[in-house]
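First comes the structure, then the notes that go with it.
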Amino acid sequence: MKIGYNVKPLLAAGLLLKGMDREVSTQINKATKIMIGPAWKQAVTEHAQTRQEQSILARTAKVDVKNYGVIVRAGGGTKRLRGGLPNNALARQVEFGSLRRPVKVGASRRARAYTRRMGAQLPYRRREGPFYKAVADVAPRLAALWAQTTVRSFWEVFK
1 MKIGYNVKPL
11 LAAGLLLKGM
21 DREVSTQINK
31 ATKIMIGPAW
41 KQAVTEHAQT
51 RQEQSILART
61 AKVDVKNYGV
71 IVRAGGGTKR
81 LRGGLPNNAL
91 ARQVEFGSLR
101 RPVKVGASRR
111 ARAYTRRMGA
121 QLPYRRREGP
131 FYKAVADVAP
141 RLAALWAQTT
151 VRSFWEVFK
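In UniProt numbering, the protein residues as written are 1 to 159.
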């Protein structure tokens with residue numbers, strides 16, 4: 001990700017939220033979540049290429065807004081997939097892939113060792129998947145929306 005952004009407006013927005021009443025900051029956080037949530041979900045959906053990425057990462061993409069910033073998530077939750085595995089158990093493997101090395105599993109009844117290829121249905125190992133690509137694309141926009149919504153809501157309350 002590019003680091004050369006000006007973060008002073010974000011720091012100002014964070015300090016502004018810390019000094020506000022709890023009710024006002026709660027209203028601001030709710031308004032921000034309504035604006036940012038669909039943008040984040042759309043970004044993850046656009047970067048998820050396979051059906052597996054769609055069902056595990058894009059379907060569970062959500063946003064939490066706190067006084068100190070915006071938290072983006074994908075791949076969480078304990079809802080079980082069709083095979084019975086919880087969603088969060090496969091999120092890391094779907095994002096980063098797996099090594100497809102043969103793994104020695106055990107011995108047969110006749111004491112013969114056999115191997116299995118683990119993770120053949122997962123993508124090859126990679127540095128970044130749909131989540132990281134979506135964060136790289138959307139982070140500046142989400143930060144700007146958060147700061148703008150905070151300042152606008154504070155101005156409306158201040159009037």
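No residue lacks a Cβ here, since even glycine has one placed at the ideal position from N, Cα and C.
Being a predicted model, the structure only gives us computed values, none of them experimental.
Anyone know if the C-beta pair for residue i and residue j falls short of 9 Å?
{"i": "residue 17", "j": "residue 34", "result": "no"}
{"i": "residue 120", "j": "residue 10", "result": "no"}
{"i": "residue 162", "j": "residue 99", "result": "Since the first and last residues shown for the chain are 1 and 159, residue 162 lies out of range."}
{"i": "residue 7", "j": "residue 40", "result": "no"}
{"i": "residue 138", "j": "residue 13", "result": "no"}
{"i": "residue 84", "j": "residue 122", "result": "no"}
{"i": "residue 37", "j": "residue 62", "result": "yes"}
My output table needs one value for residue i: the three-state DSSP class, helix, strand or coil.
{"i": "residue 43", "result": "helix"}
{"i": "residue 116", "result": "strand"}
{"i": "residue 107", "result": "strand"}
I'd like the list of long-range same chain contacts for residue i, defined as Cβ closer than 7 Å, with 5 residues on each side in sequence excluded.
{"i": "residue 52", "result": "94"}
{"i": "residue 77", "result": "60, 87 and 88"}
{"i": "residue 149", "result": "28, 31, 32 and 35"}
{"i": "residue 157", "result": "24"}
Apart from the five residues on each side of it in sequence, which residues of its chain come closer than 6 Å, Cβ to Cβ, to residue i?
{"i": "residue 141", "result": "none"}
{"i": "residue 64", "result": "71"}
Tell me which residues share the same chain as residue i and place their Cβ nearer than 8 Å to its Cβ, disregarding the 5 neighbours each side in the sequence.
{"i": "residue 80", "result": "86 and 87"}
{"i": "residue 108", "result": "114"}
{"i": "residue 19", "result": "none"}
Got a sec: does the ligand MN put a non-hydrogen atom nearer than 8 Å to the Cβ of residue i?
{"i": "residue 141", "result": "The ligand MN is not among the ligands present in this structure, which contains no ligands whatsoever."}
**Report entry** Cβ contact (3+ pairs, closer than 8 Å) linking the segment 123-141 and the segment 46-57
**Finding:** yes
Requested in this report: Enumerate, from N- to C-terminal direction, the unbroken beta strand (DSSP E) stretches of 3 or more residues contained entirely within the segment 54-105.
Outcome: 62-66 and 69-73
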